[in-house]
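*Asks:*
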Amino acid sequence: MSQLLHLGTSFVPSSSTALRRNPTSSPTIHISGNKRTTIQAKIREIFMPALSSTMTEGKIVSWVKSEGDKLSKGESVVVVESDKADMDVETFYDGYLAAIMVEEGGVAAVGSAIALLAETEDEIAEARSKANTSPSSSSPSPAAAEAPEKAVGAPEKAAPVKAAATVTVAKMASSAHPASEGGKRIVASPYAKKLAKELNVDLGNVVGSGPMGRIVAKDVEAAAAAGVSVAAEDPKPSPSSAPVKVPASTGIELGTVVPFTTMQGAVSRNMVDSLAVPTFRVGYTITTDALDALYKKIKSKGVTMTALLAKATALALVKHPVVNSSCRDGKSFTYNSSINIAVAVAIDGGLITPVLQDADKVDIYSLSRKWKELVDKARAKQLQPHEYTTGTFTLSNLGMFGVDRFDAILPPGTGAIMAVGASEPTVVATKDGRIGMKSQMQVNVTADHRVIYGADLASFLQTLAKIIEDPKDLTF
Amino acid sequence: MSSLSLWISSSVAVTARSESDHRLRLLSSSSATIATSPALHFCCLRTEALKLGAKSNRWKVVAAAVAPQNGSASDEFDYNLVIIGAGVGGHGAALHAAEKGWKTAIIEGDVVGGTCVNRGCVPSKALLAVSGRMRELQDEHHMKAFGLQVAAAGYDRQGVADHANNLASKIRSNLTNSLKGLGVDILEGVGTILGPQKVKYGKVGSSGNVITAKDIIIATGSVPFVPKGVEVDGKTVITSDQALKLEFVPDWIAIVGSGYIGLEFSDVYTALGSEVTFVEALDQLMPGFDPEIGKLAQRVLINPRKIDYYTGVFASKITPAKDGKPVIIDLIDAKTKEPKDTLEVDAALIATGRAPFTKGLGLENIRVETQRGFVPVDEHMQVIDVDGKLVPHVYCIGDANGKMMLAHAASAQGISVVEQISGKGNVVNHLSIPAACFTHPEISMVGLTEPQAREKAEKEGFEVSVAKTSFKANTKALAENEGEGLAKLIYRPDNGEILGVHIFGLHAADLIHEASNAIALGTRIQDIKFAVHAHPTLSEVLDELFKSAKVGRTGSLDPEIKSSPILHWLKSTPLVQVWHLLLSKFST
Numbered sequence: 001m002s003q004l005l006h007l008g009t010s011f012v013p014s015s016s017t018a019l020r021r022n023p024t025s026s027p028t029i030h031i032s033g034n035k036r037t038t039i040q041a042k043i044r045e046i047f048m049p050a051l052s053s054t055m056t057e058g059k060i061v062s063w064v065k066s067e068g069d070k071l072s073k074g075e076s077v078v079v080v081e082s083d084k085a086d087m088d089v090e091t092f093y094d095g096y097l098a099a100i101m102v103e104e105g106g107v108a109a110v111g112s113a114i115a116l117l118a119e120t121e122d123e124i125a126e127a128r129s130k131a132n133t134s135p136s137s138s139s140p141s142p143a144a145a146e147a148p149e150k151a152v153g154a155p156e157k158a159a160p161v162k163a164a165a166t167v168t169v170a171k172m173a174s175s176a177h178p179a180s181e182g183g184k185r186i187v188a189s190p191y192a193k194k195l196a197k198e199l200n201v202d203l204g205n206v207v208g209s210g211p212m213g214r215i216v217a218k219d220v221e222a223a224a225a226a227g228v229s230v231a232a233e234d235p236k237p238s239p240s241s242a243p244v245k246v247p248a249s250t251g252i253e254l255g256t257v258v259p260f261t262t263m264q265g266a267v268s269r270n271m272v273d274s275l276a277v278p279t280f281r282v283g284y285t286i287t288t289d290a291l292d293a294l295y296k297k298i299k300s301k302g303v304t305m306t307a308l309l310a311k312a313t314a315l316a317l318v319k320h321p322v323v324n325s326s327c328r329d330g331k332s333f334t335y336n337s338s339i340n341i342a343v344a345v346a347i348d349g350g351l352i353t354p355v356l357q358d359a360d361k362v363d364i365y366s367l368s369r370k371w372k373e374l375v376d377k378a379r380a381k382q383l384q385p386h387e388y389t390t391g392t393f394t395l396s397n398l399g400m401f402g403v404d405r406f407d408a409i410l411p412p413g414t415g416a417i418m419a420v421g422a423s424e425p426t427v428v429a430t431k432d433g434r435i436g437m438k439s440q441m442q443v444n445v446t447a448d449h450r451v452i453y454g455a456d457l458a459s460f461l462q463t464l465a466k467i468i469e470d471p472k473d474l475t476f
Numbered sequence: 001m002s003s004l005s006l007w008i009s010s011s012v013a014v015t016a017r018s019e020s021d022h023r024l025r026l027l028s029s030s031s032a033t034i035a036t037s038p039a040l041h042f043c044c045l046r047t048e049a050l051k052l053g054a055k056s057n058r059w060k061v062v063a064a065a066v067a068p069q070n071g072s073a074s075d076e077f078d079y080n081l082v083i084i085g086a087g088v089g090g091h092g093a094a095l096h097a098a099e100k101g102w103k104t105a106i107i108e109g110d111v112v113g114g115t116c117v118n119r120g121c122v123p124s125k126a127l128l129a130v131s132g133r134m135r136e137l138q139d140e141h142h143m144k145a146f147g148l149q150v151a152a153a154g155y156d157r158q159g160v161a162d163h164a165n166n167l168a169s170k171i172r173s174n175l176t177n178s179l180k181g182l183g184v185d186i187l188e189g190v191g192t193i194l195g196p197q198k199v200k201y202g203k204v205g206s207s208g209n210v211i212t213a214k215d216i217i218i219a220t221g222s223v224p225f226v227p228k229g230v231e232v233d234g235k236t237v238i239t240s241d242q243a244l245k246l247e248f249v250p251d252w253i254a255i256v257g258s259g260y261i262g263l264e265f266s267d268v269y270t271a272l273g274s275e276v277t278f279v280e281a282l283d284q285l286m287p288g289f290d291p292e293i294g295k296l297a298q299r300v301l302i303n304p305r306k307i308d309y310y311t312g313v314f315a316s317k318i319t320p321a322k323d324g325k326p327v328i329i330d331l332i333d334a335k336t337k338e339p340k341d342t343l344e345v346d347a348a349l350i351a352t353g354r355a356p357f358t359k360g361l362g363l364e365n366i367r368v369e370t371q372r373g374f375v376p377v378d379e380h381m382q383v384i385d386v387d388g389k390l391v392p393h394v395y396c397i398g399d400a401n402g403k404m405m406l407a408h409a410a411s412a413q414g415i416s417v418v419e420q421i422s423g424k425g426n427v428v429n430h431l432s433i434p435a436a437c438f439t440h441p442e443i444s445m446v447g448l449t450e451p452q453a454r455e456k457a458e459k460e461g462f463e464v465s466v467a468k469t470s471f472k473a474n475t476k477a478l479a480e481n482e483g484e485g486l487a488k489l490i491y492r493p494d495n496g497e498i499l500g501v502h503i504f505g506l507h508a509a510d511l512i513h514e515a516s517n518a519i520a521l522g523t524r525i526q527d528i529k530f531a532v533h534a535h536p537t538l539s540e541v542l543d544e545l546f547k548s549a550k551v552g553r554t555g556s557l558d559p560e561i562k563s564s565p566i567l568h569w570l571k572s573t574p575l576v577q578v579w580h581l582l583l584s585k586f587s588t
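Chains A and B supply the protein sequences, listed in that same order. First residue of the first sequence: 1, per UniProt numbering; consecutive thereafter. First residue of the second sequence: 1, per UniProt numbering; consecutive thereafter.
1. Under a Cβ-count criterion, where at least 16 other Cβ atoms within 10 Å of its own Cβ denotes burial, should S31(B) be classed as buried or exposed?
2. I'd like to know whether the C-beta atoms of V541(B) and F471(B) end up nearer to each other than 8 Å.
3. Would P190(A) pass as an interface residue toward chain B - the criterion being a Cβ-Cβ separation below 8 Å?
4. Counting contacts by CB-CB distance shorter than 8 Å, is P326(B) in contact with chain A?
5. Does chain B have any CB closer than 8 Å to the CB of S62(A)?
6. What's the gap between the Cα of A217(A) and the Cα of F278(B)?
7. Going by DSSP, name the residue or residues bridged to L489(B).
8. Determine the direct distance from the alpha carbon of T304(A) to that of I341(A), and round the result to whole angstroms.
9. Quick check: the Cα distance between M418(A) and Y93(A), rounded to an integer number of angstroms?
10. For my contact list, G447(B) and L499(B) are in at a C-beta cut-off of 8 Å; report their separation, rounded to the angstrom.
11. So that I know if they touch, is there some Cβ in chain B lying closer than 8 Å to that of M48(A)?
12. Rounding to the nearest angstrom, what Cα-Cα distance links A549(B) and L406(B) in this structure?
13. In the DSSP assignment, the beta strand (DSSP E) including Y335(A) goes from what residue to what residue?
14. Determine the contact status of residue 489(A) and V445(A), defining contact as a CB-CB distance below 8 Å.
15. Identify which residue in H320(A), D376(A) and G213(A) has its Cα closest to the Cα of V345(B).
16. Say whether chain B places a C-beta atom closer than 8 Å to the C-beta of F460(A).
17. On the DSSP bridge assignment, give the partners of W252(B) in chain order.
18. Mind checking which residues open and close the beta strand (DSSP E) that includes E45(A)?
19. Using only the alpha-carbon positions, how far apart do A479(B) and A126(B) sit?
20. Looking only at its chain, what residues have a beta carbon closer than 7 Å to the beta carbon of Y251(B), apart from the 5 residues adjacent to it on each side?
21. Is M212(A) close to chain B? Criterion is C-beta to C-beta, closer than 8 Å.
22. Taking only beta-carbon positions, decide if D251(B) is within less than 8 Å of chain A.
23. Under a three-way DSSP split, which group does D330(B) fall into?
24. Measuring only between beta-carbons, confirm whether K306(B) sits less than 8 Å from chain D.
25. Given that a residue counts as buried once 16 or more other Cβ atoms are within 10 Å of its Cβ, and exposed if not, what is S72(A)?
26. Does the region 199 to 208 of chain A come into contact with the region 316 to 332 of chain B, if we say contact requires no fewer than three beta-carbon pairs (one atom in each stretch) closer than 8 Å?
27. Taking V528(B) and A518(B) to be in contact with their CB atoms under 8 Å, please state how far apart those CB atoms are, rounded to whole angstroms.
28. Considering only residues of the same chain and omitting the five flanking positions on each side of S240(B), which have a CB-CB separation below 6 Å?
29. Indicate whether A509(B) and A436(B) have their beta-carbon atoms separated by less than 8 Å.
30. Compare the C-beta of V445(A) against all C-beta atoms of chain B and say whether one is closer than 8 Å.
31. Is there contact between the region 405 to 415 of chain A and the region 369 to 388 of chain A, where contact requires at least three CB pairs shorter than 8 Å?
32. Which same chain residues end up closer than 7 Å to V232(B) when comparing Cβ atoms and leaving out the 5 residues on each side of it in sequence?
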């Protein structure tokens, strides 16, 4: 019944910051150094010290110093929590704190490296790349384990993400600030300031909504969400559509005004941005009897309807590469090299679009397994950015609610999105003059008319219908 | 007794200097007080023995040895003792005087209970009791760790304010009743000293009533100190006086001063949903606390909360909110005096300390000049005049003398003065007076901070050691899911003297007394470490602290300790069984 999980009608491209509020997972702090450097004696490792005879591992309570800070011998660098107490750990050498390898909250075994100390400023970069290539292997903490994973998963993406974030924030800049004497000062509440630091938001660019125009916590959250959402789109476009929220909670207090969560802020931002793209829609009715039969047959092997639909769509896209293209600047468009099907999933507090990469090439069984894995990760809020920002074509399915047709909003940066309705028994007249009962579903594709024209969509849909009505190719 | 004398002789050698100091002091003060009695001499000796060199108050020991005198006021005076100010200090002195059978009066121009009961310790504890619970209920992680489920916790501001107000009224009436019950006259009005042993009381401007008293204690306390440039309107720019009424909970409040008053209010306000900005003139938050404790406290009480701060700045000008404008605070650099920043907040709480309330006391009539408002006193709390001479029969206790601005210090001073008047030389050992800050978790301390101890050690040429234990290792603290905390002992490794104890953690304020009593009584670490603590209790944090201290060259659990005098003494008592039990426990 994994199909029930794919409630998504729309989703939001969102970075891990939005999902987890964990500064360690923010893409902007990841440094994209993947070249291996020789380890030099001048770069020293700071080890997790043994603070008591029984201590085997220690938790980093807080870093007193930040990366790049100058350290002098005897200065406190980090606060470590042992099994007994919190202790300040001092450095024995002068130098610069080049790279923090275990973030705050992370745990490291006694004797393992938690940071690198560079002797001179010039060596900081070198030390950082070293930190990336040789991550602290003995840290069992999720925070620490994540960093290397990300480095492997999307090494070339981190840098563009950072750049994009900067650009976006600049775009949101508002010079006039009512509470700041014409922008001379920034008035932000203590918590807003704390959040801004945590979420890497430049307060100078945030518009305050508090009393007298003061920046309050929710303004920072909104700015952070907007910043990351656009940033996430840029490197690999990821789609979004109407923010239809499934009313999951019944404990809602009526009449209350609720500020957007980070994710809702991101959705909102995306939705507004989508208005810049000229879209049109083409619908099609597809008979699903054969697909249903196939599904029944291979369901026991773990195949899901979502995987089947994604596979069928991917196979149709192979024949219509223009529908899998995307236009970003309005002057040119890209024929995407791989067919990555993003599927909207409703998750607690928002939407996300896990991506089935190379759906045309991967076999249906692997695809189903992959899908299950992605859904589990999405529910645990553990998707990595490359697992939800790299879609080239999006599916949104509301069929399980009995919705027979709807249309989706095109996520900026992609070429098309397909809204899938319920497959329902329908009385149909056939060409030989008979009336019969067939299961049919309606699909509706929204596309960017700058690159995809009506005829393109029409022939794509025709191909798709053929594949679904004769689904033998889906299983190879 | 023979074993006891052994003990004394071993300590006398160590403490020879302080004892001779003490005798000199007694001689100098005897001219102003009743002559030293032989009994006093004996008592002092004995106290010296008990306190092993520490300058401690010795009235407890003395009290048992000497019978009370002065059944009633002599014919010359209306009262034996008149106390101006019915705060906690005056109350403590009055009770003690009444116990001695003295005819006592207490003059109060406002309400009985003074600052502590009405505008300080008492109502703030009510607010902190609320904030502690709110904080706990709001801490999802904490609740979850207990397996508890709590729906969104909320509060009713008026209800919280009422709790504080009701508590103050209750304690106030308790205090009043205790005075009346012992026959202390409560005289209403402002007290003014007219001359030696003569006091006027009554409403300001009225002629008032004049009474005579053999001795007078000034206990007029203090008021919140408001630096210049700060305009207090009582609504948006407030002092602790108004804050305790909790008339509103601002979204954003600046607290000027990060001492214990500011800290406690930051705890209250953040628990009730405010965001807080500290403005601290010194370079570090929480000045006055032991630096290590302060650092840990900052990590727990400030950093994770909705609090930010400015250090090394003065609030040079604070303008209350009006005409739709917020409270505006101009900050200047504390050193260069250059403008640094401007804050716009919803409210500002001035918690920059307290100033003595000594105006209108008629001090000029006895040739006394205040110093920054404080009444100068000697170590017996006897008032000193402009010529540096002691003023006969006039004492000053509590915040008004500024020695240690704590309610219980005032009370201790008051009792000490009564003892002093009755001829039992008594000096309050301020280093044995504990202090506490009732944040969540609490901070408490007694004696010297580590830097103070090191400075003293340098001067006097002894070594200082530090022992620490964590609440993380304490069963009871962990059962409460409150393992965050540290206890720190500063001591002399050569003789086991406790110089200071600092605690940050659950119920720290209640835990400090084992240490403060030890300092007051001169108990050494090598002795107190064998005291038994119930298990599992938070008090085991201190137990472990004392045990982790290393006194002398031989290890504390070394068999050589058997030759120490205390063991001889122990052996001669049934306690020897306990001792063997302890030994067997520790040797495993």
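All C-beta atoms, glycine included, are put in the ideal place defined by N, C-alpha and C.
*Replies:* On the basis of the coordinates in this document:
1. Residue placement at S31(B) cannot be trusted, given a pLDDT of 39 that sits under 50; what the coordinates show is reported in the next sentence. Counting other Cβ atoms within 10 Å of its Cβ, S31(B) stays below 16 and is therefore classed as exposed.
2. The answer is yes: Cβ separation under 8 Å.
3. yes
4. True, the Cβ-Cβ gap to chain A drops below 8 Å.
5. yes
6. 18 Å
7. A467(B) and V501(B)
8. 15 Å
9. 60 Å
10. 6 Å
11. Using beta-carbon distances, M48(A) does not count as an interface residue toward chain B, since no partner is under 8 Å.
12. Computed Cα separation, rounded: 29 Å.
13. F333 to Y335
14. Because chain A in this structure spans residues 1 to 476, residue 489(A) falls outside the shown range and cannot be described.
15. G213(A)
16. no
17. E275(B)
18. I43 to F47
19. 25 Å
20. Checking the sequence, you will find Asp at residue 251(B) rather than Tyr. Same-chain partners within the cutoff: S274, E275 and D346.
21. Chain B, which has a Cβ nearer than 8 Å to the Cβ of M212(A), makes this yes.
22. Yes, because at least one Cβ of chain A sits closer than 8 Å to the Cβ of D251(B).
23. Judged by DSSP in its simplified three-state form, D330(B) adopts strand.
24. Reference to chain D is not applicable here, since the protein chains of this structure are A and B.
25. exposed
26. no
27. With the sequence shown as reference, residue 528(B) is identified as Ile, and Val is not the correct amino acid for it. Contact holds; Cβ gap of about 5 Å.
28. P224 and I261
29. yes
30. Among the residues facing chain B, V445(A) is not included, as its CB has no counterpart in that chain under 8 Å away.
31. With a cut-off of 8 Å, the region 369 to 388 of chain A and the region 405 to 415 of chain A do not count as touching, because too few Cβ pairs lie within range.
32. If we look at V232(B) and ignore the five residues flanking it on each side, its Cβ neighbours are V226, I238, T239 and I350.
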